[in-house]
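Novice: Protein chains in written order, with the UniProt record's numbering: chain A, 1 to 658; chain B, 1 to 425. Here a beta-carbon is modelled for each residue, glycine too, at the ideal position from N, C-alpha and C. As the structure is a prediction and not an experimental result, all values here were calculated from the model. Mind having a look at this structure? Questions to follow.
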Amino acid sequence: MLENRKFIIIGVFCLVGLLYAARLFYLQILDDSYSLESSSNSIKRVIEVPYRGQIYDRSGKLMVYNTPVYDLYVTPKRVKIPDTLAFCRMMDLSLSEFDSIMSIAKAYSPVKPSVFLRQLSKEDYARIQDALVDYRGFEPVMSSMRTYPSHTMANALGYVSEISKKKLENQETPYYRQGDYIGHNGLEEAYEVELRGRRGIKYMMQNVRGVDKGSFKNGEFDTAAVAGKNLYTSIDVDVQRYADSLMQNKVGAIIAIDPGTGEILTSVSAPTYDPNLLSSRLFSKNYRKLIANPYKPLINRPIMASYRPGSTFKLIQALIAQQQGTLFSNTYYGHAGSPMRCHCRGGNNLRGAVQNSCNPYFYQVFRKYIYHNGNPNTFRASAIGLQEWHDHVIKFGIGEKLGVDLPSELRGNLPTVGFYDRAYMHHGESRWKFSNIYSLSIGEGELLISPLKLANLAAIIANRGWYIAPHYVKGIGKLGEGIPEKYREKHYTDIDPQYYIPVIEGMRMAVAAGTVKKEADISGIELCGKTGTSQNARFGHDHDHSIFIGFAPMNNPKIAIAVFVENAGWGGVAAASAAALVAERYLKRKTEATKLSEWLMKQNYMPPLSMLPQPRVAVPAAKKPADTTTKKVLPNDSLRRLRPMLTLARKEIAGSGQ
Amino acid sequence: MARNAEISRNIDTLTVVLYLGCVLMGWLNVYAAVYSPEEQTHLFDMSTNAGKQLMWIGTSVLLIICVLVIDYKFYDTFAFVFYLFMIGMLLLVMVFGSNINGSRSWFKFGGFSLQPAEFAKLATSLALAKYLDQPGINLTKQKDLLWIGGIIGLPALLIILSNETGSTLVFASFVIMLYREGLPGWIPLTGITLAALLILALIVPFKFLFLGIAVLCGIVILLLPRYNRNVRNIIGIGLIGGAMMLTATGVDFFVNKVLQPHQRNRIKVLIDPNVDPLGVGWNVTQAKIAIGSGRLDGKGFLEGTQTKFDFVPEQSTDFIFCTIGEEHGFIGSMVVIMLFMALLSRIVILAEKQRSKFARVYGYCVAGIIFFHVMVNIGMTIGLMPVIGIPLPFFSYGGSSLWSFTLLLFIFLKLDSRRTNSLFN
Chain A
1 MLENRKFIII GVFCLVGLLY AARLFYLQIL DDSYSLESSS NSIKRVIEVP
51 YRGQIYDRSG KLMVYNTPVY DLYVTPKRVK IPDTLAFCRM MDLSLSEFDS
101 IMSIAKAYSP VKPSVFLRQL SKEDYARIQD ALVDYRGFEP VMSSMRTYPS
151 HTMANALGYV SEISKKKLEN QETPYYRQGD YIGHNGLEEA YEVELRGRRG
201 IKYMMQNVRG VDKGSFKNGE FDTAAVAGKN LYTSIDVDVQ RYADSLMQNK
251 VGAIIAIDPG TGEILTSVSA PTYDPNLLSS RLFSKNYRKL IANPYKPLIN
301 RPIMASYRPG STFKLIQALI AQQQGTLFSN TYYGHAGSPM RCHCRGGNNL
351 RGAVQNSCNP YFYQVFRKYI YHNGNPNTFR ASAIGLQEWH DHVIKFGIGE
401 KLGVDLPSEL RGNLPTVGFY DRAYMHHGES RWKFSNIYSL SIGEGELLIS
451 PLKLANLAAI IANRGWYIAP HYVKGIGKLG EGIPEKYREK HYTDIDPQYY
501 IPVIEGMRMA VAAGTVKKEA DISGIELCGK TGTSQNARFG HDHDHSIFIG
551 FAPMNNPKIA IAVFVENAGW GGVAAASAAA LVAERYLKRK TEATKLSEWL
601 MKQNYMPPLS MLPQPRVAVP AAKKPADTTT KKVLPNDSLR RLRPMLTLAR
651 KEIAGSGQ
Chain B
1 MARNAEISRN IDTLTVVLYL GCVLMGWLNV YAAVYSPEEQ THLFDMSTNA
51 GKQLMWIGTS VLLIICVLVI DYKFYDTFAF VFYLFMIGML LLVMVFGSNI
101 NGSRSWFKFG GFSLQPAEFA KLATSLALAK YLDQPGINLT KQKDLLWIGG
151 IIGLPALLII LSNETGSTLV FASFVIMLYR EGLPGWIPLT GITLAALLIL
201 ALIVPFKFLF LGIAVLCGIV ILLLPRYNRN VRNIIGIGLI GGAMMLTATG
251 VDFFVNKVLQ PHQRNRIKVL IDPNVDPLGV GWNVTQAKIA IGSGRLDGKG
301 FLEGTQTKFD FVPEQSTDFI FCTIGEEHGF IGSMVVIMLF MALLSRIVIL
351 AEKQRSKFAR VYGYCVAGII FFHVMVNIGM TIGLMPVIGI PLPFFSYGGS
401 SLWSFTLLLF IFLKLDSRRT NSLFN
């Protein structure tokens with residue numbers, strides 16, 4: 001019985017054989033779409049790389065375009081060089097460089113073309129074009145190179161370079177091939193798919209000598225290349241470049257948002273570099289230099305730096321305490337009963353407390369807030385109060401990603417109940433209370449916030465209670481088109497609009513009659529703002545960081561802004577004047593406060609090199625500070641370790657690194 | 001001398017002739033695949049694949065002599081030892097192997113590399129033959145099936161862990177032998193149905209797939225003889241159809257929701273090369289152009305244009321059939337296919353003649369493995385099979401593959417020679 005199964009088995013074998021024979025008969029005899037007209041013709045695949053989209057600012061000024069250049073390809077097997085020395089001299093290469101390029105090309109494939117030299121300018125190409133006739137095996141291919149006529153905003157734009165091995169292996173859909181260009185960091189990475197377009201393939205027939213004989217089957221198998229789309233950003237190049245000049249010789253960030261739309265108007269990361277440095281043939285050399293620079297110009301500070309918000313955080317405290325019903329615009333606190341020092345006379349209502357940035361006042365506000373739930377156990381009460389506080393603060397986009405259209409946005413840190421439970425673990429659960437966390441009341445302690453989030457806070461206050469996620473895109477393909485839906489959606493805080501009024505009035509007074517009146521009260525822009533000092537001096541630096549957030553004008557605001565100047569000292573003077581000048585430039589389209597502008601440009605707050613760590617080669621990767629908080633460390637240590645991710649590393653690191 | 005003469009007398013001549021035909025054609029085509037008119041290498045140049053292949057052929061002849069000289073009982077007695085040794089090698093290669101093309105499955109010795117996975121098929125065949133040779137084995141019994149599944153599954157698992165999907169799939173070919181030895185027919189049928197569903201679920205839109213299954217069920221019900229067309233059978237067929245739809249949905253869910261995007265793409269590309277027109281899809285298009293441009297009688301030896309300059313990737317290994325199709329046309333392709341059909345039929349016929357169950361089972365294993373390789377390899381180049389990188393037996397360039405197929409075949413011929421021997425005694 002079973003023996004008869006051999007017939008079935010042989011039958012299956014023969015069936016497959018017959019099926020394949022039929023298929024081959026079809027492919028080779030019936031279907032003539034695969035014939036090549038002449039038996040000596042062959043098909044070559046030609047890849048068409050479309051032009052990458054250009055990038056514009058909000059008024060249509062060109063920020064990034066493509067310059068045509070030539071890539072020189074080599075097919076090692078066909079190479080015939082009569083005089084290698086003369087060839088190298090012409091190409092401006094050393095013999096060893098020539099050898100290493102050739103051996104890489106040979107290792108890739110002796111018969112397939114690989115890159116010999118990239119990005120020869122038109123001039124260079126013209127110089128060698130005639131001479132190339134004498135050397136066989138080299139083939140020029142038109143390509144393009146990113147060029148940045150505005151010379152600004154290098155970090156937020158990102159750059160275009162050859163795809164890395166890691167990205168090549170991890171791509172979601174197989175598109176890129178070895179040697180392809182891809183956007184890295186910034187907008188170039190975020191809008192890579194839109195900017196790059198889609199590569200096309202053409203099948204060309206060639207005869208044995210490599211002469212084109214037309215397209216194969218009239219292009220039936222071809223796919224047309226799709227040009228990359230242009231990207232319109234919301235950046236105002238004029239203001240951007242002006243802000244750049246204000247930040248010269250300083251370390252820090254300026255970020256300005258249109259509060260009504262969430263569009264980012266200005267995005268300065270200082271110190272910065274000319275984006276053209278990373279698009280030329282000298283890419284690797286320049287990149288190595290930038291990454292070794294102790295001032296870390298490759299960090300995009302508006303979104304990748306984390307600071308303590310300092311006094312600017314008092315604005316949130318004032319808002320949520322009013323909403324809770326524990327603070328009224330006429331609530332009065334003096335200095336007594338607070339462990340905090342203050343420079344003001346004392347005795348303020350809410351407006352005055354915001355204007356004078358009174359520390360004891362906000363100590364009392366926060367204390368009342370935390371203990372409002374009335375739990376008799378102060379430890380329990382603190383935990384309940386902090387949880388409530390956390391749930392309100394997170395609505396301001398703090399402790400979360402805002403969803404800006406750049407890669408590597410940081411989450412920052414908004415301490416939770418669990419965070420302190422872990423930190424005070426050795427005491428047992430809930431062994432901490434208000435007295436352990438009161439520094440949060442004035443924005444110190446364990447809070448970490450990026451400049452972008454503070455600018456967003458300014459926008460929320462300007463809007464009296466809502467924000468649209470900040471973004472750079474103002475159009476893909478055409479101005480106003482293709483903007484993701486999430487950049488139209490309003491996010492509301494759960495604070496009633498009426499509570500914003502005393503805070504805004506206090507902010508206006510802070511500028512018009514407060515400590516920074518001289519530096520920030522430029523006439524005609526009606527700036528409202530709040531200074532801040534991010535504690536830094538006690539971590540081994542000479543000076544604290546200067547912070548200012550604000551918006552202008554007071555009613556119907558057009559610009560919300562946050563400025564950080566590292567090591568610029570107490571009181572936010574440097575930051576406030578920069579914010580005022582940028583706001584003036586945007587609102588008036590010119591600078592009238594020229595004296596202030598000149599003064600600020602002259603200021604040098606660069607920390608001396610001796611204070612910086614030895615240059616270390618490190619990638620400006622987004623290192624989440626939250627990670628350090630989840631690590632199990634000694635309880636007291638965990639609080640001390642959670643310092644701002646200073647963009648300049650601290651002295652201790654410098655010491656331990658040696 | 002007398003002994004040698006005796007050995008060669010009892011070896012099946014037809015199989016040896018077919019084997020030599022395959023190997024020599026393979027060698028010439030490997031030469032054609034690497035030949036370039038600009039740099040004319042000769043057939044014996046040891047730096048090219050053709051030269052190396054000649055060396056592999058030479059060493060294969062030595063292997064054949066060894067196989068034939070060794071007593072036939074050796075393979076029977078040491079079957080499980082071979083098997084355990086191979087399992088050990090597969091484990092070792094995962095630790096000490098060199099990484100080639102993303103899979104750690106090669107041992108490197110100087111300029112040459114060996115792939116244990118190629119030999120695992122041989123060891124598994126011997127182990128299966130030995131196991132099934134025991135009296136009282138019944139392929140409808142669950143216990144026996146579990147043991148057999150284990151013998152096949154263990155090396156398959158180790159090979160898939162070292163990222164050699166193609167070599168793992170070859171282990172499915174043992175089903176042919178198991179079917180011959182009494183495996184109920186519904187098991188391979190279910191397997192084939194499942195494989196078809198897996199592929200269809202990913203390339204055919206759901207509504208068509210469901211419609212197709214429903215129509216199929218309807219046809220089956222209509223074709224049922226009247227005395228069998230009762231409610232119970234109709235509900236049963238309906239349930240099978242429902243289970244098929246559920247499986248298809250499950251596959252789709254798993255691929256699109258559970259897998260990571262890059263894993264998903266690897267699977268989709270396997271089944272529909274056009275997902276990646278510049279990568280795998282490019283290979284398939286090029287292979288089809290090369291074969292299609294061969295027409296009836298081909299472009300002539302060494303005259304192929306499409307397989308020169310590496311237009312077809314891996315052309316001396318997995319895509320060797322393209323060179324045959326382009327340079328020798330439909331006639332050449334037919335010769336190769338008929339060569340394999342003749343070889344396979346001959347092996348099956350010989351296997352049926354065996355008096356020991358051990359030799360018969362082993363013979364069917366050999367036939368199954370060669371058949372699976374031929375079907376997948378040629379099917380892939382003519383666009384009838386997903387692109388799975390396994391070699392064409394005796395043709396493709398590569399020492400591991402040639403050695404393992406030679407050993408596989410000649411151990412069978414040695415066992416077979418014993419049969420004729422005993423007849424005369």
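Give, in chain order, every unbroken run of the beta strand (DSSP E) that is at least 3 residues long and sits entirely within the region 60-98 of chain A.
Specialist: You should have 62-74.
Novice: Taking buried to mean at least 16 other C-beta atoms within 10 Å of its own C-beta, is A/ASN463 buried or exposed?
Specialist: Per the 10 Å Cβ criterion, buried.
Novice: Taking DSSP's pairing of strands, which residues face A/PHE548 in a bridge?
Specialist: A/PHE548 is bridged to A/THR531, A/VAL563.
Novice: Using a Cβ-Cβ cut-off of less than 7 Å, give me the residues of the region 339-365 of chain B that come near chain A, in sequence order.
Specialist: Against chain A - using a Cβ distance shorter than 7 Å - the residues of the region 339-365 of chain B are MET341, LEU344, SER345, VAL348, GLU352.
Novice: Chain A beta carbons: is any one of them nearer than 9 Å to that of B/LEU169?
Specialist: Cβ-Cβ to chain A under 9 Å: no for B/LEU169.
Novice: Against chain B, does residue 659 of chain A count as a neighbour if the rule is that its beta carbon must be under 9 Å from one of theirs?
Specialist: Since the first and last residues shown for chain A are 1 and 658, residue 659 of chain A lies out of range.
Novice: Note the first and the last residue of the continuous alpha helix (DSSP H) segment covering A/LYS474.
Specialist: Looking at the DSSP string, A/LYS474 is not in any alpha helix (DSSP H); the run it does join, the beta strand (DSSP E), is 473-476.
Novice: Among B/GLY88, B/ALA32, B/GLY363, B/ILE337, which residue has its Cα nearest to the Cα of B/ARG180?
Specialist: If we check each option's Cα against that of B/ARG180, B/GLY363 comes out closest.
Novice: Along the chain, where does the alpha helix (DSSP H) that runs through A/LEU117 open and close?
Specialist: Not the alpha helix (DSSP H): A/LEU117 falls in the beta strand (DSSP E), residues 114-120.
Novice: Reducing DSSP to helix, strand and coil, say where A/ARG616 ends up.
Specialist: For A/ARG616, the predicted structure reports a pLDDT of 41, less than 50, and the residue's modelled location is therefore unreliable. The matter cannot be settled from this model.
Novice: Where does B/THR190 land, buried or exposed, given buried means 16+ other C-beta within 10 angstroms?
Specialist: It is exposed - the Cβ of B/THR190 has fewer than 16 other Cβ atoms within 10 Å.
Novice: Taking DSSP as the reference, what is the three-state secondary structure of A/GLN364?
Specialist: DSSP places A/GLN364 in helix when its eight states are reduced to three.
Novice: To the nearest angstrom, how far is it from the Cα of A/THR533 to the Cα of A/ALA568?
Specialist: Near 9 Å, if we compare the C-alpha coordinates of A/ALA568 and A/THR533.
Novice: At 9 Å on the CB atoms, spell out the chain A contacts of B/TYR35, in chain order.
Specialist: Result: empty, since nearest Cβ-Cβ is about 12 Å, beyond 9 Å.
Novice: Tell me, which residues are paired with B/SER113 by DSSP?
Specialist: B/LYS108.
Novice: Against B/LYS288, what residues of chain A qualify as contacts under a CB-to-CB distance less than 7 Å, listed in chain order?
Specialist: What B/LYS288 touches in chain A: LEU27, TYR34.
Novice: Please list, in chain order, the chain A residues whose beta carbon lies closer than 8 Å to that of B/GLY294.
Specialist: Within 8 Å Cβ-Cβ: GLN28.
Novice: Exposed or buried, B/MET25, counting other C-beta atoms within 10 Å across all chains shown (16 or more means buried)?
Specialist: Answer is buried; the Cβ neighbour count reaches 16.
Novice: Quick test of your reading: A/ALA560 and A/ALA423, contact by CB under 8 Å. State the CB separation rounded to the nearest angstrom.
Specialist: Their Cβ separation, rounded to whole angstroms, is 33 Å, which puts A/ALA560 and A/ALA423 out of contact at 8 Å.
Novice: Does the region 260-269 of chain A come within contact of the region 290-308 of chain A, defined as at least 3 CB pairs closer than 8 Å?
Specialist: The region 260-269 of chain A is in contact with the region 290-308 of chain A.
Novice: Closest to A/TYR181 by CA distance: which of A/LEU157, A/ALA156, A/SER144 is it?
Specialist: Nearest of A/LEU157, A/ALA156, A/SER144 to A/TYR181, Cα basis: A/SER144.
Novice: Alpha carbon to alpha carbon, how far is A/ARG52 from A/ALA227?
Specialist: Each residue's Cα considered, the two are about 7 Å apart.
Novice: Step through the CB atoms of chain A and report whether any lies within less than 9 Å of the CB of B/TYR179.
Specialist: It does: the Cβ of B/TYR179 has a partner Cβ on chain A nearer than 9 Å.
Novice: Three or more C-beta pairs closer than 8 Å, one from the region 321-330 of chain B and one from the region 280-295 of chain B: is that the case here?
Specialist: Contact holds: three or more Cβ-Cβ distances are below 8 Å.
Novice: Using a cut-off of 8 Å between C-beta atoms, extract the partners of B/LEU384 located in chain A.
Specialist: Simply LEU19, TYR20, ARG23.
Novice: Kindly list, in the order they appear in chain B, the residues whose Cβ is closer than 9 Å to that of A/LEU600.
Specialist: Ordered by position in chain B, no residue passes the 9 Å Cβ test against A/LEU600, which lies about 48 Å from the chain.
Novice: If we ignore side chains and look at the alpha-carbon of each, how far apart do A/GLU584 and A/ASP236 end up?
Specialist: Rounded to whole angstroms, A/GLU584 to A/ASP236 spans 13 Å at the Cα level.
Novice: How about B/LEU18: is its C-beta nearer than 9 Å to some C-beta of chain A?
Specialist: Output row for B/LEU18: interface = no.
Novice: From B/THR77 to B/PHE395, what distance separates their C-alpha atoms?
Specialist: Rounded to whole angstroms, B/THR77 to B/PHE395 spans 31 Å at the Cα level.
Novice: Expressed to the nearest angstrom, what Euclidean distance is found between the alpha-carbon atoms of A/ALA458 and A/PHE328?
Specialist: Between A/ALA458 and A/PHE328, the C-alpha separation is close to 21 Å.
Novice: Taking the beta carbon of A/PRO415 as the centre, do at least 16 other beta carbons fall within 10 Å, making it buried, or is it exposed?
Specialist: Under this definition A/PRO415 is a buried residue.
Novice: How would you list, in chain order, the residues of chain B whose beta-carbon sits under 7 Å from the beta-carbon of A/VAL16?
Specialist: By Cβ distance, chain B contributes MET375.
Novice: DSSP three-state call for B/ASP416: helix, strand or coil?
Specialist: The answer is helix: DSSP assigns B/ASP416 an H, G or I state.
Novice: Let me know if A/MET247 comes out buried or exposed under the rule of 16 or more other beta-carbons within 10 Å of its beta-carbon.
Specialist: Classification for A/MET247: buried.
Novice: Can a CB atom of chain B be found closer than 9 Å to the CB of A/ARG241?
Specialist: Not one chain B Cβ lies under 9 Å of A/ARG241.
Novice: Let me see if you follow: with CB-CB separation under 9 Å, is residue 665 of chain A close to chain B or not?
Specialist: The shown model of chain A, from 1 to 658, leaves out residue 665 of chain A, and the question about it has no answer.
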